[in-house]
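Structure record follows, encoded as structure tokens.
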């Protein structure tokens, strides 16, 4: 039995970033990232060929140029914010917890972070993948990697995984606080909640009820059943798309938005296979055609600013918007190291450590008790 005052290890994990914005390091990062069988879920030989002979060689130089745009004197924003969050979370949790940072790809590695916790002999480790909405290619991959590492340990401690926190009250409040910096000062015609996209087949592979497959027989697209994620229930709680729509409904409610005032969309598609729809760039053009000339965009699947937020949403989508005839495009920054974001993580740790949570009566804490 775990001692009441025993120290607990906390591992926070984000996606990762190249060690530098130079092409060789970007190519190395892309190879590790895209060779993950949960990211490109095709047979190994096909995946190896696609990644090593096509994607990484040709995409790395282009990606390197973009990384140089976001790179700071301290390094990649994703890693800089990662270390800052680690420091602030450690300060907030106190001496009974020890926080480590790992990246699913590149450095600091999950292996190194876990080894640090292992050497200290903690009886329990809480793993928090920093992806609010569960997806096999992100959270699932982190869980897979952690289990792959610890299975070889002689003494395996109790390990708790935070599968998702898309509906955590403090997380929603933190997103709303970021947006209200702009919404409180100016009226916008429409709000976009843009999430990182994933291939539609990822959703189908995780759909044990087969409802998406049945609804999508005619045109083989999840768009055939636009309301399949209108409510959250036990059968779709692990569905990334359902998670995204749930976050959006809660955030819209917190911001005081009607359903007609916002659109949920998906970005960052890669390749020719169908990805989750609607696509953000298509949505932007359609909204401008409808006369929406002032738009504000959130990115609720990203907890730290990176290429997909600063460049893709902040610059590339702004260009799409303006070329379509839009007048004012406002990008809402990610949570980064905000106080409410740290409070969210503190509450998650308390909930999963079986110690008194900061939010005693939160729906999130209560749902954990029921499970």
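Residue numbers (my numbering): 58 to 428. By construction, the Cβ of each residue, glycine as well, lies at the ideal position given by its N, Cα and C atoms.
Take the alpha-carbon of residue 402 and the one of residue 96: they are about 26 angstroms apart. In this structure, the alpha-carbon of residue 354 lies about 25 angstroms from that of residue 141. Out of 103, 183, 136, 129, the CA that lies nearest to the CA of residue 153 is found in 183. In the structure shown, residue 139 falls within a helical segment according to DSSP collapsed to helix, strand and coil. In this structure residue 287 is exposed. Its beta-carbon is surrounded by fewer than 16 other beta-carbon atoms within 10 angstroms. Considering only 400, 190, 90, the residue with the shortest C-alpha distance to residue 108 is 90.
In this structure, the CA atom of residue 168 is about 16 angstroms from the CA atom of residue 93. Cβ-Cβ separation between residue 79 and residue 135: approximately 17 angstroms, too far for a contact (criterion under 8 angstroms). Taking the C-beta atoms as reference points, residue 301 is found nearer than 8 angstroms to residue 252. When C-beta atoms of the stretch 337-356 are compared with those of the stretch 238-249, three or more pairs fall below 8 angstroms, so the two segments count as touching.
Annotation: residue 370 is outside any alpha helix (DSSP H) and is labelled neither H nor E by DSSP. If you draw a 10 Å sphere on the C-beta of residue 320, you find 16 or more other C-beta atoms in it, and that means buried. Relative to residue 346, the option among 324, 378, 334 whose CA is nearest is 378. Under the three-state reduction of DSSP output, residue 354 falls in the strand class. Closest option to residue 112, judged by alpha-carbon separation, among 327, 194, 255, 316: 327. For residue 320, the enclosing beta strand (DSSP E) begins and ends at 319-324.
The Cβ neighbour count for residue 200, taken over all protein chains shown within 10 Å, is at least 16; the residue is labelled buried. By the Cβ test, the stretch 236-247 is in contact with the stretch 384-395, since at least three Cβ pairs between them sit closer than 8 angstroms. Sixteen is the threshold: when 16 or more other Cβ atoms of the shown chains lie within 10 Å of the Cβ of residue 332, as they do, the residue is buried. Here DSSP, grouped into helix, strand and coil, assigns residue 213 to coil. The alpha-carbon separation between residue 127 and residue 359 amounts to approximately 15 angstroms. A residue is called buried when at least 16 other Cβ atoms come within 10 angstroms of its Cβ; residue 305 meets this threshold and is buried.
Here residue 156 is bridged, per DSSP, to 67. The beta carbon of residue 233 is closer than 7 angstroms to those of 308, 311, 312 in its chain, skipping five residues each way along the sequence. Scanning 129, 98, 65 for the CA closest to the CA of residue 77 turns up 129. Between residue 400 and residue 227, the C-beta gap is smaller than 8 angstroms, which places the two residues in contact. With fewer than 16 other beta carbons inside 10 angstroms of its own, residue 122 counts as exposed. In the DSSP assignment, the residues bridged to residue 253 are 324. Residue 259 counts as buried, since no fewer than 16 other beta carbons sit within 10 angstroms of its beta carbon.
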